[in-house]
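One structure below.
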Amino acid sequence: MDRIQLTLMVTLALFCAMGVGWLLRWGYDLLNPPPPPEPKDDSEWAEYARACEAGKVEAEQRLAELERDLGNKLVQVQAELVAAMDGLGDSRRYVQELEARLAEQPRPAPGAEATKQADPGGEGRSEPG
Numbered sequence: 001m002d003r004i005q006l007t008l009m010v011t012l013a014l015f016c017a018m019g020v021g022w023l024l025r026w027g028y029d030l031l032n033p034p035p036p037p038e039p040k041d042d043s044e045w046a047e048y049a050r051a052c053e054a055g056k057v058e059a060e061q062r063l064a065e066l067e068r069d070l071g072n073k074l075v076q077v078q079a080e081l082v083a084a085m086d087g088l089g090d091s092r093r094y095v096q097e098l099e100a101r102l103a104e105q106p107r108p109a110p111g112a113e114a115t116k117q118a119d120p121g122g123e124g125r126s127e128p129g
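The opening residue of the sequence shown carries number 1 in the UniProt record's numbering; numbering runs sequentially from there.
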């Protein structure tokens, strides 16, 4: 047996030993599962329940505060909307009023405007020059 064959045999033996060890460990773990965790004492459960109750009360208080804040904001926004709608209604009424006044005014004849533009003196007469 030469040196290369000896190296290969030792390597193969080590890999086989590692594989057998891994299989034995897996079988041992399969046959002997870890024990379940110890149950908590009553005092630990009571402390946990008190902590949960305190968290619940705090969350309910926070929720009530947020509902109040959002309710106030909603009322404020609704009031602003009503004010804006009132302002819009007033503006529309004013525009209708102005349109009615404009419709009531007599319109000048198209030729009258031309003479006013041509004669800025205003009287429509030409003076002898």
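Here a beta-carbon is modelled for each residue, glycine too, at the ideal position from N, C-alpha and C.
With Arg101 as the anchor, note down where its alpha helix (DSSP H) starts and where it stops. 42 to 104
Work out the CA separation of Pro110 and Trp73 for me, nearest whole Å. Trp is not the amino acid found at residue 73; the sequence shown has Lys there. Distance between the alpha carbons of Lys73 and Pro110 is about 57 Å.
Which of helix, strand or coil does DSSP assign to Met1? coil
Tyr48 and Lys56 - do their beta-carbons sit closer together than 9 Å? no
In three-state DSSP terms, what is Ala109? coil
Beta carbon of Met1 nearer than 9 Å to that of Met9: yes
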